[in-house]
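Peer 1: Numbering (the UniProt record's numbering), first residue to last: 1 to 521. Where a beta carbon is used, it is the ideal one built from N, C-alpha and C, also for glycine. If you're wondering where the values come from, they're calculated on a predicted model, not measured in any experiment. Below is one structure. I have some questions about it.
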Ligand SMILES: *Cc1c(COP(=O)(O)O)cnc(C)c1O
């Protein structure tokens, strides 16, 4: 592709990322930046009467609780604190500052209207112990959201309790186990998981007490019904499958696979993390799925960088409905008026409670807002997400090697075959992207692709952003072949250059005190 949008300057003088902007302005060594404390600095002033300790005998009031030594806290003014946290936020990369093509995790733009509704006092200031007659609006929102999620899934029952995808997986598997046990079928102790699965799938199965049978994907990156049939027997409780899968490919044999599992007496769990690709296009319940989770924070746009909070609601078929967590939300007509209730009675087969109160309520306010905003335009989301991924795939496929050729869904996976010989690695390519102001995509996942680079642009990115990204990717590829050493220490102009990721994970320094202790040796 010849530079279609006049981006020479963009490539030559890498755009100024927030991190770079800050790092160029830095005048202090790092310890000084964090060490803002000076004895006697304060963010508050007590009034005269507050100082008058004579009036209250603090020592006898507090007894043993009275501190013997001053708390070891930084001594700072209010502006010191504000600037510290604002600076930290600028060193961070965020979806609100740039392109974030993180495959599988769907980092889409989070519309600000979601934040406005989640901050409405009637939602934000609710207390979970308030009586139901005061929380009818909140319960109605949850009831409506359950209905929308069920409709999109093609599965008639829903529980909003699980707090994230992984907890949805565990809850769904608990329902499957309870279903088999309720029929006295206790020999089903195994769950089938394809080798392309997200790590949480086998982990959830193991956590739920199942053993995991791994089945290999076919050379085209999908799972075949024959591979499932080969391991299906009366000890298998079910199969977990992601569709579209983590390779960004729709599982073409899904209906056949579900049939094989059902005929063998098992249930099929769908990991719905990739629902962004099929929203309003295909319904999992229609292609044979018995239970699925949504990652509400991914598909329905809740900010989730840094780990939460999230929502992992599950939708289930009639067979599995009796086992859903309690309380369930019920809608009744009382004196001609819709009334919503949280109910436990009548759900004796339930797996119980999996999360305090009603799940992460404000995450659901955001999801509901998002869904209502799109309304009947929901299929536009998946159409554009898939179009954007395929644009990236076709524009880059003469440079990078696509792991599985052919049309992809919402994400495209490249492997390292096109640059491996030069000595550059996928990690080098990913880190170099930071110098151009782009968040690296997911790397080295799925595990069954050598040096995987998994790109998910999402529907919210414009053609211009995608063209800039493509140009950056081509530039980095040229560097990888011609000057791989340029990539080795990258990123070069971020606040932090290449980290030792092993010690960052194994020996993290997360607190002020730890950092100070480390410096003082
Ligand atoms: C994100 C993800 C999960 C886990 O979901 P969490 O909400 O992070 O717990 C599971 N499977 C796939 C494919 C995912 O992308």
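Measure the alpha-carbon distance for residue 310 versus residue 70 and round it to whole angstroms.
Peer 2: Translated into the one-based positions of the chain shown, residue 310 becomes position 310. Translated into the one-based positions of the chain shown, residue 70 becomes position 70. Near 38 Å, if we compare the C-alpha coordinates of residue 70 and residue 310.
Peer 1: Would you call the segment 182-190 and the segment 201-220 in contact, with 3 or more CB pairs under 8 Å?
Peer 2: A contact exists between the segment 182-190 and the segment 201-220.
Peer 1: Below 8 Å on the Cβ atoms is my contact criterion, and I expect residue 456 with residue 101 to pass it. Report the Cβ-Cβ distance as a whole number of Å.
Peer 2: Within the chain shown, numbered from 1, the residue matching residue 456 stands at position 456. Within the chain shown, numbered from 1, the residue matching residue 101 stands at position 101. Right, the Cβ-Cβ distance comes to about 6 Å (below 8 Å), so this counts as a contact.
Peer 1: Taking only heavy atoms of ligand 2 into account, decide whether any of them is closer than 7 Å to the Cβ of residue 302.
Peer 2: As for ligand 2, it is missing from this structure, which binds only ligand 1.
Peer 1: Roughly how many angstroms separate the alpha carbons of residue 415 and residue 424, rounded to a whole number?
Peer 2: As a working mapping, residue 415 is identified with position 415 in the chain shown. As a working mapping, residue 424 is identified with position 424 in the chain shown. One C-alpha to the other measures close to 12 Å.
Peer 1: Could you pull out every residue in the same chain whose Cβ sits closer than 7 Å to the Cβ of residue 39, ignoring the five residues on either side in sequence?
Peer 2: Taking the chain shown and counting its residues from 1, one reaches residue 39 at position 39. Once the five neighbours on either side are set aside, the close Cβ partners of residue 39 are 75.
Peer 1: Would residue 123 and residue 515 be called neighbours here (beta carbons separated by less than 8 Å)?
Peer 2: The sequence position of residue 123 within the chain shown is 123, counting from 1. The sequence position of residue 515 within the chain shown is 515, counting from 1. Going by C-beta atoms, residue 123 is not nearer than 8 Å to residue 515.
Peer 1: Residues near ligand 1, CB to any non-hydrogen atom under 6 Å, in chain order?
Peer 2: Selection output, chain order preserved: 104, 105, 164, 165, 166, 198, 200, 242, 246, 271, 273, 295, 310, 312.
Peer 1: So, under 8 Å CB-CB, residue 489 and residue 478 are touching, yes? Tell me the CB distance rounded to an integer number of Å.
Peer 2: As a position in the chain shown, residue 489 is number 489, starting the count at 1. As a position in the chain shown, residue 478 is number 478, starting the count at 1. Actually they do not touch by this definition, with Cβ atoms about 18 Å apart.
Peer 1: Is the beta carbon of residue 491 closer than 8 Å to that of residue 417?
Peer 2: Translated into positions along the chain shown, residue 417 becomes position 417. Translated into positions along the chain shown, residue 491 becomes position 491. No, they are not a contact pair.
Peer 1: To the nearest angstrom, report how far apart residue 200 and residue 145 are at their CA atoms.
Peer 2: What you label residue 200 is simply residue 200 of the chain shown in a count that begins at 1. What you label residue 145 is simply residue 145 of the chain shown in a count that begins at 1. Residue 200 and residue 145: Cα-Cα distance of roughly 25 Å.
Peer 1: Determine the burial state of residue 29: buried for a count of at least 16 other Cβ atoms within 10 Å of its Cβ, exposed for fewer.
Peer 2: Against the chain shown, residue 29 aligns to sequence position 29. For residue 29, the predicted structure reports a pLDDT of 45, less than 50, and the residue's modelled location is therefore unreliable. A value from the coordinates is still provided. Exposed, since its Cβ has fewer than 16 Cβ neighbours within 10 Å.
Peer 1: Could you say which of 321, 115, 365 lies nearest to residue 352 if we only look at CA atoms?
Peer 2: Residue mapping note: residue 352 aligns to position 352 of the chain shown, counting from 1. Here the closest residue by C-alpha is 321.
Peer 1: Going by CA-CA distance only, name the one from 430, 161, 421 that's closest to residue 325.
Peer 2: Locating residue 325 in the chain shown gives position 325, where the first residue counts as 1. Of 430, 161, 421, the residue nearest in Cα terms is 161.
Peer 1: Given that a residue counts as buried once 16 or more other Cβ atoms are within 10 Å of its Cβ, and exposed if not, what is residue 332?
Peer 2: Indexing the chain shown from 1 puts residue 332 at position 332. Result: exposed.
Peer 1: Provide the residue span of the alpha helix (DSSP H) that contains residue 259, from first to last.
Peer 2: The count along the chain shown starts at 1 and reaches residue 259 at position 259. Here the alpha helix (DSSP H) through residue 259 covers 254-263.
Peer 1: By a C-beta neighbour count over all protein chains shown, 10 Å radius and 16 as the cutoff for buried, is residue 244 buried or exposed?
Peer 2: Position 244 of the chain shown, counting from 1, holds the residue named residue 244. Buried: at least 16 other Cβ atoms inside 10 Å.
Peer 1: Give me the residue from 486, 427, 299 with the minimum Cα distance to residue 371.
Peer 2: Here residue 371 corresponds to residue number 371 of the chain shown, with the count starting at 1. For the residues 486, 427, 299, the minimum Cα distance to residue 371 belongs to 299.
Peer 1: Roughly how many angstroms lie between the CA atoms of residue 526 and residue 194, to the nearest whole one?
Peer 2: Limits of the chain in this structure are 1 at one end and 521 at the other, which puts residue 526 out of reach.
Peer 1: By DSSP, does residue 80 sit in helix, in strand, or in coil?
Peer 2: Translated into positions along the chain shown, residue 80 becomes position 80. It is helical.
Peer 1: Using 10 angstroms around the beta-carbon of residue 381, count the other beta-carbons present and answer buried if the total reaches 16, otherwise exposed.
Peer 2: Locating residue 381 in the chain shown gives position 381, counting from the first residue. Answer is buried; the Cβ neighbour count reaches 16.
Peer 1: Give me, in chain order, the residues of the same chain whose beta-carbon lies closer than 6 Å to that of residue 117; leave out the 5 immediate sequence neighbours on both sides.
Peer 2: Numbered from 1 along the chain shown, position 117 holds the residue referred to as residue 117. 365, 369.
Peer 1: Locate the beta strand (DSSP E) running through residue 190, then write down its first and last residues.
Peer 2: Taking the chain shown and counting its residues from 1, one reaches residue 190 at position 190. Looking at the DSSP string, the run of the beta strand (DSSP E) that includes residue 190 is 190-194.
Peer 1: Quick one: residues in its chain with C-beta nearer than 8 Å to the C-beta of residue 81, no 5 flanking neighbours on either side, listed in chain order?
Peer 2: Reading the chain shown from its first residue, position 81 is the one you call residue 81. Cβ neighbours of residue 81 beyond the five flanking positions: 43.
Peer 1: Would you mind listing the alpha helix (DSSP H) stretches within the segment 89-131 that are 4+ residues and don't spill past its ends, in chain order?
Peer 2: Whole alpha helix (DSSP H) segments, 4+ residues: 112-118, 121-124.
Peer 1: Does the beta-carbon distance from residue 355 to residue 163 come in below 8 Å?
Peer 2: In the chain shown, residue 355 corresponds to position 355, counting from 1. In the chain shown, residue 163 corresponds to position 163, counting from 1. Closer than 8 Å, so yes.
Peer 1: Which of helix, strand or coil does DSSP assign to residue 138?
Peer 2: On the chain shown, position 138 is the one that residue 138 refers to. DSSP places residue 138 in helix when its eight states are reduced to three.
Peer 1: Going by beta carbon distance, what residues of the same chain come within less than 7 Å of residue 461, once the five residues before and after it are set aside?
Peer 2: If you number the chain shown from 1, residue 461 lands on position 461. These residues qualify, in order along the chain: 99, 388.
Peer 1: Quick one: give me the first and last residue of the beta strand (DSSP E) that residue 435 is part of.
Peer 2: Numbered from its first residue, the chain shown carries residue 435 at position 435. Per DSSP, residue 435 belongs to no beta strand (DSSP E); it is in the alpha helix (DSSP H), 426-435.
Peer 1: Skipping 5 residues on each side, what residues in its chain have a beta carbon closer than 7 Å to that of residue 177?
Peer 2: Taking the first residue of the chain shown as position 1, residue 177 is located at position 177. Contacts found: 208, 237.
Peer 1: Measure from the alpha carbon of residue 155 to the alpha carbon of each residue in 134, 41, 93, 293, then state which is nearest.
Peer 2: Along the chain shown, one-based indexing puts residue 155 at 155. Residue 293 is the option with its Cα nearest to residue 155.
Peer 1: Taking all protein chains shown into account, do 16 or more other C-beta atoms lie within 10 angstroms of the C-beta of residue 518, making it buried, or fewer, making it exposed?
Peer 2: In the chain shown, counting from the first residue as 1, residue 518 sits at position 518. The residue in question, residue 518, is exposed, as its Cβ has fewer than 16 Cβ neighbours within 10 Å.
Peer 1: Quick one: complete beta strand (DSSP E) runs, 3+ long, within the segment 420-492?
Peer 2: Whole beta strand (DSSP E) segments, 3+ residues: 453-455.
Peer 1: Figure out for me which residue from 404, 374, 359 has the closest Cα to the Cα of residue 221.
Peer 2: Reading the chain shown from its first residue, position 221 is the one you call residue 221. Answer by Cα proximity: 404.
Peer 1: Apply the 10 Å Cβ neighbour rule to residue 62 and answer buried if 16 or more other Cβ atoms are within range, or exposed otherwise.
Peer 2: In the chain shown, the residue the question calls residue 62 occupies position 62. Exposed.
Peer 1: Who are the near neighbours of residue 458 in its chain, counting only those whose CB is closer than 6 Å to its CB and skipping five residues on each side?
Peer 2: Here residue 458 corresponds to residue number 458 of the chain shown, with the count starting at 1. 108, 385.
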